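Structure first, commentary second.
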Amino acid sequence: MTALRPDLATILRRIEPGARVLDIGCGDGALMAALTAKDVDARGIEIDGGCVASCVAQGLSVVQGDADRDLAFYPDGAFDYAVLSQTLQTAARPDRMMQELLRVGRRAFVSFPNFAYWRMRWALLSRGRMPVTRHLPVSWYETDNIHHVTVRDFELLAEALGIAIERRWFFTRDREMPAGGANWRAEYALFEVSGGLPNP
Amino acid sequence: MTAPRSLILPRPLPLDSGQSLGHVEIAFETYGDLNAARDNAILVCHALTGDQHIASPHPVTGKPGWWERLVGEGKPIDTARHHVICANVIGSCMGSTGPATVADDGAPYAMRFPVVTIRDMVRALVALLDELGIARLHAVVGGSMGGMQALSLAANFPDRAARVLAIATTSRHSAQNIAFHELGRQAIMADPGWNGGDYYGAAEGPEKGLAVARMAAHITYLSEAGLTDKFGRRLQDREAKGFNFDAEFQVESYLRYQGLAFTDRFDANAYLYITRAMDYFDLAEEAGGSLAEAFRRSDARFCLVSFDTDWLYPTSESRHIVHALNAVAKPVSFVELSAPFGHDSFLLDVPELDRVVEGFLG
């Protein structure tokens, strides 16, 4: 088995056996498979039918669906953790998605590419074009990412929504890095959050 | 590999109508061995015009079993590891008690046969499992009407199956579904040969009506793209239009053949009873109006599969079931597979389906 991406490996370490987890946008099921091996009750939502079929073929419980629409069908507090890895920037309304995460889950893990990463800033500043990088690998017109976000933006959104940030991790070149200067130094970030205001 | 078997249920079968059916015979086939723990059985439920010959030749047509693609040694439903059971539903005509069965007075039941429901069919299947000494299935599997039975078993006998795999199916028959069935039933009953259902032993029965019913139903099993691919507007055995009502188009000729071939192997009254059972099917109604409630007591893992070209039981029907299962926090998988064959996709070569079935059954 190939090594998990560092944000997923961190999530895996943080979730205790026996927990109930919903992995939103679970892709090929790598995190779910690792969680299941750790006796975690993991369920997934994935929009790509091919990915879902291969997850089911591994014995994982994955529902094909669109998180923007289908998360609403899950009951309140059904999970100990909701996981949204590298998907927040594709949500129609990231603020509502955050509220949904903390409605269906007691806590949530959210990771996303940091648009304020210095290489991004440099690309935009020097070339005047939307950056294409390892973590945002396609051109602006064909990307699924419709709401680019920075570390600072996310922290402010959490504050606005009354969401408590429990822990945060920052990564660059697929290695964890210290938090200092994360908003310009981190390629991507992972937050563990809880709480939140009741939905309006 | 298998021997046709049947048994008589030891007790009368209570029915949803309030009646009960005595002396119920169930015809079934099994493949692969039941293990010592008796926990490796997979019950496969057949569709409307299907039968117990899932992986063995049909006794009338000689054609291969209807799911031979999926069932066998080393196949997704692996008979080397699992004991596969497939039984003919009550109300049908392949050996289980139905309208063609001779009643206690020596004459066929015909229309005296009580109206049965999907839940009644499942009660009979569970009674069969009791007789076979199988307390808990490794899985119950079915497509179309077979999927309805699988879901009904999960809802009504929540501890009898560890896995529930329902393919190209629904939790309730829609008005459109009922309308198509009514069209078929009216075609049968309008045939003078039907004779109020009393045609057994007569020189001619309602074959024409049954053929029309099958033709209409067959259209609902295919997709427009599939029909266009296969036939387009091509003419059958001729260069130009004949300006008459012969089977001029290939698609007409194909449908006439499908209709006629069906009358050789199926009983018209059984078609009436089984379509009626499907039309009555509504799992939510059985549970007091909430589909989620229907599944609350189940401890099974579920897997739903739909096909993108199926307009008879479209993906939205499967999603509806998935949302209900989520609402009561049941472990459920769901995938919409892409296949060109419409509703019939569950019977045809869709390799992705094989992978899902194999993976889910474990």
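Protein chains in written order, with the working numbering: chain A, 6 to 205; chain B, 5 to 366.
Backbone N, C-alpha and C define an ideal beta-carbon position, used for all residues, glycine too.
These figures come from a predicted structure and were not determined experimentally.
(message) Using a 10 Å radius around the Cβ and a threshold of 16 neighbouring Cβ atoms, would you call T53/B buried or exposed?
(response) Counting the other Cβ atoms within 10 Å of the Cβ of T53/B gives 16 or more, which makes it buried.
(message) Can you give me the C-alpha to C-alpha distance between M5/B and V130/B, rounded to a whole angstrom?
(response) For M5/B, the predicted model reports a pLDDT of 49, less than 50, meaning its position is unreliable; a value from the coordinates is still stated below. M5/B and V130/B: Cα-Cα distance of roughly 24 Å.
(request) Could you please give the first and the last residue of the uninterrupted beta strand (DSSP E) stretch that includes Y203/B? (result) Counting along the chain, Y203/B falls outside any beta strand (DSSP E), and DSSP gives it neither H nor E.
(request) Check whether the Cβ atoms of A172/B and A154/B sit closer than 9 Å, and answer yes or no. (result) Annotated as distal: A172/B and A154/B, with beta-carbon spacing of 9 Å or more.
(request) With DSSP as the reference, please indicate the residues paired to G147/B in a beta bridge. (result) Checking the DSSP bridge columns, you'll see G147/B partnered with I171/B.
(message) For L264/B and D195/B, I'd like the C-alpha separation in whole angstroms.
(response) So the alpha carbons of these two residues sit roughly 14 Å apart.
(message) Residues of chain A with CB closer than 7 Å to the CB of V336/B, please, in chain order.
(response) Simply S66 and V68.
(request) Output, in chain order, the set of chain B residues within a Cβ distance shorter than 7 Å of V61/A. (result) The answer, in chain order, is C307, S337, V339, V360, G363 and F364.
(request) Tell me where the alpha helix (DSSP H) around L264/B begins and ends. (result) In the DSSP annotation of this structure, the continuous segment of the alpha helix (DSSP H) that includes L264/B starts and ends at Q254 to R269.
(request) Could you work out which residue in I151/A, A14/A and D12/A is closest to A97/A when comparing CA atoms only? (result) The closest CA to that of A97/A, considering only I151/A, A14/A and D12/A, is found on I151/A.
(request) Kindly indicate which residue of A58/A, R180/A and R190/A has the alpha-carbon position closest to the one of G126/A. (result) Note on residue identity: the sequence assigns Arg, not Gly, to residue 126/A. Comparing Cα-Cα distances from R126/A to each of A58/A, R180/A and R190/A, the minimum goes to R190/A.
(message) Counting only C-beta atoms, is N44/B closer than 9 Å to chain A at any point?
(response) N44/B does not count as touching chain A.
(request) Look at the Cβ atom of G110/A, then the Cβ atom of F84/A, and state whether they are nearer than 9 Å. (result) Yes, they are a contact pair.
(request) Taking 8 Å as the threshold, find out whether the segment 8 to 22 of chain A comes into contact with the segment 80 to 94 of chain A through three or more Cβ pairs. (result) Result yes; three or more Cβ-Cβ pairs closer than 8 Å.
(request) Whole angstroms is fine: what's the gap from V168/B's alpha carbon to R9/B's? (result) V168/B and R9/B: Cα-Cα distance of roughly 25 Å.
(request) With a threshold of 16 other CB atoms inside 10 Å of the CB of K334/B, please say whether the residue is buried or exposed. (result) Result: buried.
(request) Would you mind telling me which residues of chain A sit closer than 7 Å to H327/B, beta carbon to beta carbon, in chain order? (result) Listed along chain A, the residues sitting closer than 7 Å to H327/B by beta-carbon distance are F78.
(request) With DSSP collapsed to three states, give me the class of R18/A. (result) Three-state DSSP puts R18/A in a helix.
(request) Out of A143/B, A291/B and I122/B, state which residue places its alpha-carbon closest to the alpha-carbon of M149/B. (result) Measuring from the Cα of M149/B, the nearest candidate turns out to be I122/B.
(request) Please decide whether M125/B counts as near chain A, where near means a Cβ-Cβ distance under 9 Å. (result) Not one beta carbon of chain A lies nearer than 9 Å to the beta carbon of M125/B.
(request) Could I get the ranges of all uninterrupted alpha helix (DSSP H) runs contained in the segment 182 to 240 of chain B, with 4 residues as the minimum, in chain order? (result) Every alpha helix (DSSP H) of 4 residues or more that sits fully in the segment 182 to 240 of chain B is shown, in chain order, as 211 to 225 and 228 to 234.
(request) List the residues of chain E whose Cβ lies closer than 7 Å to the Cβ of G54/A, in chain order. (result) Judged by its chain identifiers, the structure shown contains no chain E, and its protein chains are A and B.
(message) Against chain A, with Cβ distances strictly below 9 Å, would E356/B count as a contact?
(response) E356/B counts as touching chain A.
(message) For W123/A, report the span of its alpha helix (DSSP H) as first-last.
(response) W123/A: member of the alpha helix (DSSP H) spanning W123 to R132, first to last residue.
(request) Quick one: which residues of the segment 229 to 255 of chain B get their C-beta closer than 7 Å to a C-beta of chain A? List them in chain order. (result) Cβ contacts with chain A: none found.
(request) Verify the CB distance criterion: does R116/B have a CB-CB separation below 9 Å to chain A? (result) Output row for R116/B: interface = no.
(message) Cβ closer than 7 Å: which chain B residues qualify as neighbours of V57/A?
(response) Chain B residues near V57/A: V339.
(message) Starting from G200/A, trace the beta strand (DSSP E) in both directions and tell me its first and last residue.
(response) It spans Y193 to G200 - the beta strand (DSSP E) in which G200/A sits, taken as one unbroken run.
(message) By the 7 Å beta-carbon criterion, what residues does the segment 81 to 106 of chain A contribute toward chain B?
(response) With the criterion set as a beta carbon lying under 7 Å from some beta carbon of chain B, the members of the segment 81 to 106 of chain A are A83, in sequence order.
(message) Quick check on R172/A - is its C-beta less than 9 Å from some C-beta in chain B?
(response) Not flagged as an interface residue toward chain B: R172/A, since no C-beta distance is shorter than 9 Å.
(message) DSSP has T3/B in a bridge; who is on the other side?
(response) Only positions 5 to 366 of chain B appear in the structure, and residue 3/B is not among them; the question remains open.
(message) Taking the straight line between their C-alpha atoms, what separation do you get for H367/B and M182/A?
(response) The question about residue 367/B has no answer, for chain B in this structure spans 5 to 366.
(request) Please report the residue range of the beta strand (DSSP E) in which T177/A lies. (result) DSSP places T177/A inside the beta strand (DSSP E), whose first and last residues are I168 to T177.
(message) In whole angstroms, give me the CA-to-CA distance for A42/A and A35/A.
(response) Counting only the Cα atoms, A35/A lies some 11 Å from A42/A.
(message) Which of the three DSSP states is assigned to Q69/A in this structure?
(response) Per DSSP, reduced to three states, the secondary structure at Q69/A is strand.
(request) With a threshold of 16 other CB atoms inside 10 Å of the CB of S144/A, please say whether the residue is buried or exposed. (result) With fewer than 16 other beta carbons inside 10 angstroms of its own, S144/A counts as exposed.
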